[in-house]
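Chemist:
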Amino acid sequence: MDDLDKLRTDLLAQVDAAADLKALEDVRVGALGKKGAVSELMKGLGRMDPEARRTAGAAFNVLKTEIAGAIEARRKRLEGAALEARLAGERIDVTLPAREEQRGSLHPVSQTIDEVVAIFGEMGFTVAEGPDIESDWYNFTALNIPPEHPARQEQDTFYLPGETDGRPTVLRTHTSPVQIRTMLNAKPPIRVICPGRTYRCDYDATHSPMFHQVEGLVIDETTHMGHLKGCLIDFCRAYFGIDDLPVRFRPSYFPFTEPSAEVDIGCSRAGGELKIGHGGDWLEILGSGMVNPAVLENCGIDPTRYQGFAFGMGLERIAMLKYGIPDLRTFYESDLRWLRHYGFAALDLPSMVGGLSR
Ligand code: PHE
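Per the working numbering, residue 23 is the first one in the sequence shown, and the count goes up by one each step.
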């Protein structure tokens, strides 16, 4: 029986020492498996006489049950510990503040295009687009810009190598060629605005070799200068959100319009600070005029039946004025800090503060 005690102590120590489920399984096979220590003892019972077998059998059974119980208890402990370890390893701290979401923002030029399109859209204009690379016929000739006009000089215009339709190739210097394309392709009545990139050989705080313009064109049988004035006064007031913004039309000259007028808005420059609105001063913001009959003829539109008006303005310029952006060059520097400061949330509706009165 001492042997049995020793075996018992030994097996219980092995169970206790099993560090993981695999080691515990080895202990179980070594004790209770087919060739395990306890099973071997059981096999010896057959050779005993009945009296001894009864006593020994009972003792062996007690031992077997005790070892099986100890193994089971140890298994539960090890399984619990394994689960704990996994939980600890996979723990997430739900109290950590969420990582900040990086959101893009709309460039002021995109925002301004959206605003201008929204305002003219409400007046019934649609958007027309054309290529940045043009032949000089679309950019100059069709617009009644004579060969000796300074805009055609190389210091003003980027000429590209090669010819387009047998004519010199240029980067368009305004979006007016889109008006020519529109008139060649559609029958009046026409009401379009043409936003897009334009290029001129110029670079300083208020000029960039690439910038954006939006031009507009209206052609109809009864359109007159009064329509031009009403349309542009409404636009200026809606865009700057000032219901009674003073707007002035000043005689000017463009080869493609006759008569032509530059449009100024009221402002104040008191104390060196520019403020749009009332104040006795004027600020030029766009060019306009009644479409020159020569331009209509170049586009196959009968000038004795149709007439209309056109206008054009720099998008960066009106964005700088509305949002107080001091330097044009910063528009193209792709400085994230600048974009975060002057950019717009993508879901902001175009600003229609003041709106259109009609
Ligand atoms: N195309 C002119 C420019 O680029 C703007 C303009 C358009 C003026 C239409 C009058 C009429 O300066």
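Even for Gly, the Cβ is constructed at its ideal location relative to N, Cα and C.
Can the beta-carbon of R272 be found closer than 8 Å to that of V240?
Modeler: no
Chemist: Buried or exposed for D158, going by 16 or more other Cβ atoms inside 10 Å?
Modeler: Here D158 is buried. Its C-beta has 16 or more other C-beta atoms within 10 Å.
Chemist: Would you mind stating whether A332 and T279 have Cβ atoms separated by less than 8 Å?
Modeler: yes
Chemist: Using the beta-carbon count (16 or more within 10 Å), is N83 buried or exposed?
Modeler: Answer is exposed; the Cβ neighbour count stays below 16.
Chemist: Grouping DSSP H, G and I as helix and E and B as strand, with all else coil, what is S379?
Modeler: Note on S379: pLDDT 39, under 50, position unreliable in the model; the coordinate value appears next. Coil at S379, not helix or strand.
Chemist: Which term fits S356, buried or exposed, when burial requires 16 or more other beta carbons within 10 angstroms of its beta carbon?
Modeler: exposed
Chemist: Using only the alpha-carbon positions, how far apart do F147 and D256 sit?
Modeler: 14 Å
Chemist: Would you kindly report the start and end of the unbroken beta strand (DSSP E) that includes D256?
Modeler: Not the beta strand (DSSP E): D256 falls in the alpha helix (DSSP H), residues M247 to F262.
Chemist: Does DSSP classify G288 as helix, strand or coil?
Modeler: strand
Chemist: Just to check my reading of the structure: G365 and H129 have Cβ atoms closer than 8 Å, yes? What is that Cβ distance to the nearest angstrom?
Modeler: Right, their Cβ atoms sit about 6 Å apart.
Chemist: Span of the beta strand (DSSP E) holding E61?
Modeler: What sits at residue 61 in the sequence shown is Ser, not Glu. Where S61 is concerned, there is no enclosing beta strand (DSSP E), although the alpha helix (DSSP H) around it starts and stops at A59 to G66.
Chemist: So, is R362 buried or exposed, given that buried needs 16 or more other C-beta atoms within 10 angstroms?
Modeler: Looking at its Cβ environment, which holds fewer than 16 other Cβ atoms inside 10 Å, R362 is exposed.
Chemist: For a minimum of 4 consecutive residues, which ranges assigned as the alpha helix (DSSP H) are wholly contained in the region 153-193?
Modeler: 158-161
Chemist: Determine which residues share a DSSP beta bridge with A332 and list them.
Modeler: L239 and G311
Chemist: Can you tell which of E73, T77 and G218 has the C-alpha that lies nearest to the C-alpha of E338?
Modeler: G218
Chemist: Exposed or buried, which one is P268 when buried takes at least 16 other CB atoms within 10 Å?
Modeler: buried
Chemist: Helix, strand or coil for P268 per DSSP?
Modeler: coil
Chemist: Taking the alpha carbon of E62 as the point to measure from, which residue in L46, L29, L34 and A41 has its own alpha carbon closest?
Modeler: Checking every option, the nearest Cα to that of E62 belongs to L29.
Chemist: Return yes when the C-beta of S230 is under 7 Å from any heavy atom of the ligand PHE, and no when it is not.
Modeler: no
Chemist: Would V138 be called buried (16 or more neighbouring beta carbons within 10 Å of its own) or exposed?
Modeler: buried
Chemist: Expressed to the nearest angstrom, what Euclidean distance is found between the alpha-carbon atoms of R76 and G58?
Modeler: 21 Å
Chemist: Using the DSSP secondary-structure output, state which residues sit across from W304 in a beta bridge.
Modeler: Answer by DSSP bridge pairing, in chain order: G288.
Chemist: With DSSP collapsed to three states, give me the class of L128.
Modeler: strand
Chemist: Evaluate contact between the region 293-300 and the region 173-188, counting only Cβ atoms and requiring at least three cross-stretch pairs below 8 Å.
Modeler: no
Chemist: For the region 91-102 against the region 38-46, are there 3 or more C-beta pairs whose distance is under 8 Å?
Modeler: yes
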